[in-house]
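Residues 1 to 672 (UniProt numbering) are what the sequence shown spells out, left to right.
Note sheet for the following structure.
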Amino acid sequence: MNRVEGRVKVTGLATYAAEYPAEGVTYAYPVQSRIAKGRIKRIDGGEALAMPGVLAVLSSEDPPRLGEEAQGELALFQSRDVAYRGQIVAAAVADTYEHARAAADAIVVEYEQDLHDVTLRADHPNLYQPETVNPGYPCDTVKGDVEAGLDAAETGVDVTYTTPVLHNNPMEPHAALALWDTEDRLLVYDTAQGTSASRDLIAKTLGLPREQVRVVSRHVGGGFGSKGTARPQAVLAALAAKAVGRPVKAVLTRQQMFDVTGYRTPTIQRLRLGADAEGRLTALEHVAYEQSSTLVEFAEQTATPSRVMYATPALRTAHRLVRLDVATPSWMRAPGECPGMYALESAMDELAYAAGIDPIELRVLNDPEVEPESGLPFSSRNLVACLREGAHRFHWDRRDPEPARLRDGEWLIGSGVAASTYPSRRSPSKAVVTMREGDFLVQIAAADIGTGARTALTRIAAEALGVAPDRVHVELGDSDLPDAPVAGGSMGTASWGSAIVRACEGLKVNGAVGRADTTEEVKRDAELARHAFGAQFAEVRVNSVTGELRVSRLLGVFAAGHIVDATLARSQFVGGMTMGMGMALMEETFTDEEFGGFLRRDLAQYHVPACADVPDIEAVWLEEEDGELNPMGSKGIGEIGIVGTAAAIGNAVHHATGHRVRDLPITPAKII
Ligand code: MOS
């Protein structure tokens with residue numbers, strides 16, 4: 001089935017947040033802090049206000065009133081304290097974007113500067129243990145005696161991996177258009193991964209009842225987590241529109257996105273693994289060090305995949321956080337699992353070499369009966385089958401385990417493997433299905449962020465109703481539609497699809513309309529360990545003279561329950577794997593230690609893979625039936641593709657060269 005919105009997208013008729021026309025529209029342009037820490041002494045907007053077309057200057061000199069619960073990056077202009085370089089401290093509003101930008105440049109901000117600290121270190125004196133890590137997991141877990149397990153081990157590894165700051169770079173920049181009506185109701189065309197949640201947060205930030213706010217995001221050009229929560233552009237547009245009494249657009253530049261729309265925390269991860277003579281784990285310890293801002297706590301759940309993956313009598317996971325003078329880190333594709341599995345799956349490869357065991361056999365040998373940390377049974381777990389299928393397709397049996405043996409002229413060739421995993425969750429959702437002139441209208445505040453959610457939900461509804469998909473029309477991306485959770489945590493389709501199936505069942509009983517709210521159904525879900533699993537295989541070519549590194553082949557084999565739509569699923573897996581390749585080889589934002597903030601703030605410097613970087617990439621999946629998930633039997637697939645890819649590539653680089661790079665990205669300079 002083709003994407004239902006494919007035609008409007010390729011013909012340019014699909015309207016994105018910045019593109020909605022509005023009568024008398026004006027523009028807000030932010031001013032960003034030039035210091036990393038300190039206080040604003042004075043902001044002078046006099047000169048800016050006298051410039052052509054300028055309507056207002058917003059700043060903490062005359063703070064707009066926000067709700068009591070406004071916090072973090074959204075509490076615009078409420079404090080004179082500066083939390084990081086790049087923070088929004090003022091804004092100019094004018095009749096054109098160019099006038100607003102010129103005026104923003106003319107706003108004078110005087111600071112009182114303090115010494116800043118923007119550097120994550122594993123021995124930072126201010127490290128602390130947060131109460132929980134996202135999205136509410138215990139921070140630390142201990143089962144058995146890790147030290148005793150390590151002492152009893154025949155072989156072991158004690159290794160530390162580091163990952164840099166990474167930035168979500170969706171194609172569509174963050175943008176909002178805000179309009180207030182005469183009854184003080186706010187309409188925001190925003191770019192959001194979920195309009196219900198975005199409406200709630202914008203309402204809370206502005207101190208309005210949620211009924212007074214409507215968020216519309218009909219088409220979204222990618223998010224990868226950066227649009228998973230409302231961002232400053234929406235609040236800025238709303239405040240500016242209020243101030244000037246006209247509609248306001250706030251469209252962030254790519255560089256501004258790097259500063260104020262979230263990023264993945266850098267991590268330092270120490271893995272200690274022990275194994276007996278056969279290769280069975282005797283202990284596994286995973287400690288993650290990461291950063292948050294001084295504004296709010298964001299605790300990435302980096303060590304949590306180690307609670308899921310392997311059987312071991314002794315298991316300890318821990319997270320330590322330090323609050324630095326930096327922007328608040330946020331959601332980025334597979335938060336937790338992505339950096340965590342990079343470290344765990346690299347360490348497993350190192351253990352395989354230390355123990356003289358094939359890396360696939362090591363994983364098979366340690367595949368657990370139940371979820372290791374919780375002791376819960378798995379609803380389904382087919383990691384071993386994924387590894388076996390991938391080994392077959394990748395001709396793993398022909399691989400000489402000895403590193404640096406295979407050569408093609410100047411090029412060293414190697415292959416590597418890593419496991420992947422991601423939780424299969426669902427959240428309560430509502431949906432309404434109505435019969436209209438023989439067709440069916442599905443209404444739900446779901447989000448299609450480029451994944452093809454409209455198409456997947458059309459299929460789910462058509463199957464539930466027993467009609468052809470062309471008789472089903474899905475309306476989404478509007479908070480006035482029935483409440484639905486965000487496109488995030490790989491649970492969109494599972495959550496929305498559950499509600500749609502129940503609404504379709506209701507319609508079949510009553511004939512004209514079906515309404516569903518899955519709150520009670522989701523509460524009744526049995527307590528089980530629900531995860532998708534996969535196996536990632538990589539082949540790399542490393543130039544022995546220049547260090548140039550090419551990924552010549554990527555293969556992902558996934559077990560993710562029932563696949564709702566093969567074309568869309570393949571795109572999700574391949575997209576995730578491509579992003580994992582970017583993480584392995586290219587993506588890195590430097591923190592500016594001297595001045596604070598980030599260096600590399602655009603796509604000319606922050607490299608993401610292009611098509612030519614990925615000559616051969618393949619994603620396949622196993623048939624997996626799991627009746628413990630949702631009416632579709634599906635597991636989320638938006639994030640698992642990125643999980644494990646970087647480890648598979650790093651392991652392949654080791655196999656090609658004999659050299660372990662434990663610091664991402666793996667650039668030529670680190671190989672030579
Ligand atoms: Mo995804 S980072 O859970 O939006």
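Even glycine gets a Cβ: it sits at the ideal position worked out from N, Cα and C.
Quantities reported herein were computed from a predicted structural model and do not represent experimental measurements.
Minimum Cα-Cα distance from Leu554 among the listed residues Gln536, Ala604, Trp331 corresponds to Gln536. The C-alpha of Ala334 is placed about 19 Å away from the C-alpha of Val417. At the C-beta level, Ala431 and Pro469 stay beyond 7 Å of one another.
Look at Pro335: its beta carbon is less than 6 Å from one of the heavy atoms in ligand 1. Listed as beta-bridge partners of Pro615 by DSSP are no residues whatsoever. DSSP places Met435 in the uninterrupted beta strand (DSSP E) bounded by 430-436. In the assembly as shown, Tyr128 is an exposed residue. Its beta-carbon has fewer than 16 other beta-carbons within 10 Å.
For Thr518, the secondary structure class from DSSP, reduced to helix, strand or coil, is coil. In this structure, the straight-line span from the alpha carbon of Thr578 to that of Asp44 is close to 46 Å.
At a cut-off of 6 Å, the beta-carbon of Gly225 counts as near ligand 1: some heavy atom of the ligand is closer than that.
A contact between stretches requires three or more CB pairs, one per stretch, nearer than 8 Å, and the stretch 200-209 fails this requirement with the stretch 249-256.
Just so you know, the alpha carbons of Thr518 and Gly136 end up roughly 21 Å apart.
The beta carbon of Val188 lies closer than 6 Å to those of Ala176, Ala178, Val215, Ala234 in the same chain, with the five residues before and after it left out.
Per the coordinates, the alpha-carbon of Pro428 lies some 56 Å from the alpha-carbon of Val545. Within its own chain, the residues whose Cβ lies closer than 7 Å to the Cβ of Val384, once the five positions on either side in sequence are excluded, are Val364, Asp367, listed in chain order. The beta carbon of Asn2 is closer than 6 Å to none in its chain, skipping five residues each way along the sequence.
A Cβ-Cβ separation of about 5 Å places Glu73 in contact with Pro232 under the 8 Å criterion. Here Lys635 carries a coil assignment [DSSP, helix/strand/coil]. For Trp331, the shortest separation between its Cβ and any heavy atom of ligand 1 lies below 6 Å. Taking C-beta atoms as the reference points, Ala499 and Val433 fail to come closer than 7 Å. The DSSP-derived three-state label of His473 is strand. A direct Cα-Cα distance of roughly 18 Å separates Glu625 from Met491. Taking C-beta atoms under 8 Å as the contact rule, Ala288 and Thr282 fail to qualify, at a distance of about 21 Å. Cβ-Cβ separation between Leu549 and Ile671: approximately 7 Å, consistent with a contact (criterion under 8 Å). Within the stretch 360-423, the complete alpha helix (DSSP H) segments of 4 residues or longer fall at 383-393, listed in chain order. Residues of the same chain with a CB within less than 6 Å of the CB of Arg541, apart from the 5 flanking positions on each side, are Trp411, Ile413, Arg550, Ser552 in chain order. For Phe558, the pairing in a beta bridge is given by DSSP as Gly534, Trp621. In this structure, Arg39 sits near Arg80, with a CB-CB distance shorter than 7 Å.
The continuous alpha helix (DSSP H) containing Pro339 extends over residues 337-355.
Beta-bridge annotation (DSSP): Ser59 is paired with Ala90. DSSP, reduced to helix, strand and coil, places His167 outside both helices and strands of the structure shown, so it counts as coil.
Annotated three-state conformation of Gln291 is strand, per DSSP. The three-state secondary structure of Asn543, taken from DSSP, is strand. Residue range 108-113 is occupied by the beta strand (DSSP E) that includes Glu112. Under the three-state reduction of DSSP output, Asp44 falls in the strand class. Ligand 1 has no heavy atom closer than 6 Å to the beta-carbon of Gly641.
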